[in-house]
Amino acid sequence: MLVNAASLTDITPDGGDYETVRRVIETITNDYRDQPSLETIAARLGQSPTQLQKVFTRWAGLSPKAFLQAVTLDHAKRLLGQERLPLLETALEVGLSGPGRLHDLFVTHEAMSPGEWKARGEGLTIRYGFHPSPFGLALVMITERGLAGLAFADAGEEKPCFEDMAGRWPNARYVEDSAATAPYASRIFDPEKWSGEQPLRVVLIGTDFQVRVWESLLKIPLGRAVTYSDLAHDIGQPSASRAVGAAVGRNPISFVVPCHRALGKSGALTGYHWGLTRKRAMLGWEAAQIS
DNA sequence: CTACAGTGATGGC
DNA sequence: GCCATCACTGTAG
């Protein structure tokens, strides 16, 4: 991990940088054809180039230029390329008990029973809170069993974001409790705290098919990517790539269940529930964590 | 680039 | 059940 602790404590407590970063990424991806210089971008955002450069680098650990390179098709293909098959064969010793090993952030998970799923959250108490994160405001939702939801919103968009999530388990009781959710937020977004000793507890609430897809996603290590059809193969339904896409899109715990590491077969970023720009940001941020 | 077909899970009716 | 809707993919013009 090249990102040092100081830079992380800079970004994580107040996620203000993300707004700037988001606009930079957006600008560049919209106008990549005319290769805008740092200067032009800075001018458009009403900031000085040096200032912009600094904020961006603090956020990603990567210069804007290097970052962009990390999110190109080329790079995406490389993420996909390396040893196609072995990747998903990595053991996932989860079961419903013992701590399993999972990608970079160690996670234990359990699935909800079908009964609980049918009840659509009936009898479940979900506590939630908004917290700043490197990717904008993060909405964290937890139950007694562990983390159940993670979503993102830009400033001012909290309400639709919450409703999006709450609509998935309409019968649950929702309690605002950011004191309870805060520890989760800080765990998740600080790579320094990713360790196997204290795995993050996660509870997957979804249909059987969805849960299988999400479990597959959890097997993708940091800095790697797979295609929707890889995932389809992994769950034993090679032709169901489209259905897989839909299931990936319904992932309630984005980032932790790394749905941003699922790409189209061409390496193109096909879609993202919380905005394609955010998907780029995550991939670029991760690229910086590895190097 | 667009169009279309084949695809499987899901949710509303 | 039926039908529309997808964060898909391959083929054709």
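For what it's worth, UniProt numbering labels the leading residue of the first sequence as 1, then goes sequentially.
Even glycine gets a Cβ: it sits at the ideal position worked out from N, Cα and C.
Let me confirm a value: residue i is counted as buried when at least 16 other C-beta atoms fall within 10 Å, else exposed. Which label applies?
| i | result |
| --- | --- |
| I290 | exposed |
| P258 | buried |
| G125 | For clarity, residue 125 is Thr in the given sequence; the question names Gly instead. Per the 10 Å Cβ criterion, exposed. |
| S195 | exposed |
| Q35 | exposed |
| R261 | buried |
| S133 | buried |
| E192 | exposed |
| G156 | exposed |
| R224 | buried |
| F73 | It is Leu, not Phe, that sits at residue 73 in the sequence shown. With fewer than 16 other Cβ atoms within 10 Å, it is exposed. |
Hey, how far is the Cα of residue i from the Cα of residue j?
| i | j | result |
| --- | --- | --- |
| A76 | Q69 | 10 Å |
| A179 | Y128 | 9 Å |
| R168 | T50 | 44 Å |
| Q210 | Y32 | 35 Å |
| W59 | E122 | 40 Å |
| M112 | T207 | 9 Å |
| A153 | A240 | 30 Å |
| G236 | L45 | 48 Å |
| T57 | F189 | 17 Å |
| G222 | L139 | Strictly speaking, residue 222 in this sequence is Leu, with Gly absent from that position. So the alpha carbons of these two residues sit roughly 22 Å apart. |
| A247 | S266 | 20 Å |
| E110 | R212 | 11 Å |
| T108 | I253 | 13 Å |
| Q53 | P238 | 44 Å |
| V114 | G245 | The residue you asked about is not Val; residue 114 is Pro in the sequence shown. Rounded to the nearest angstrom, the two C-alpha atoms are 22 Å apart. |
| G271 | R250 | 12 Å |
| D17 | V55 | 7 Å |
| G149 | M141 | 5 Å |
| Y228 | E286 | 20 Å |
| R78 | A243 | 25 Å |
Does DSSP put residue i in a helix, in a strand, or in coil?
| i | result |
| --- | --- |
| G156 | coil |
| V244 | helix |
| A42 | helix |
| R201 | strand |
| residue 292 | Here the chain comprises residues numbered 1 to 291, so residue 292 is not present and cannot be evaluated. |
| T143 | strand |
| A91 | Only weak support is given to the placement of A91: the predicted model assigns it a pLDDT of 41, under 50, and the value that follows is read from those uncertain coordinates. It is coil, neither helix nor strand. |
| F67 | helix |
| T72 | coil |
| F189 | helix |
| V211 | helix |
| R58 | helix |
| Y184 | helix |
| Y272 | coil |
| A166 | helix |
| E176 | strand |
| I126 | strand |
| A151 | strand |
| V226 | strand |
| A119 | coil |
| V257 | strand |
| S195 | coil |
| G249 | helix |
| G136 | strand |
If residue i and residue j are in contact, beta carbons under 8 Å, what's the gap, nearest whole angstrom?
| i | j | result |
| --- | --- | --- |
| I205 | W274 | So it is not a contact: roughly 18 Å between Cβ atoms. |
| L283 | V24 | L283 to V24, Cβ: 15 Å. No contact. |
| L263 | R280 | Not really, about 11 Å apart at Cβ, beyond 8 Å. |
| A182 | H131 | 6 Å |
Cβ contact (3+ pairs, closer than 8 Å) linking the stretch 26-40 and the stretch 228-235: No, because fewer than three Cβ pairs between the stretch 26-40 and the stretch 228-235 fall closer than 8 Å, the two stretches do not touch.
Touch test, the stretch 57-68 against the stretch 19-31, Cβ-Cβ under 8 Å, three pairs minimum: With contact defined as three or more Cβ pairs closer than 8 Å, the stretch 57-68 and the stretch 19-31 are in contact.
contact_flag[the stretch 212-219, the stretch 170-190] where n(CB pairs < 8 Å) is 3 or more: At 8 Å Cβ cutoff, the stretches do not touch.
Meets three-Cβ-pair contact criterion under 8 Å: the stretch 201-208 and the stretch 141-158: With the cut-off at 8 Å, the stretch 201-208 and the stretch 141-158 touch.
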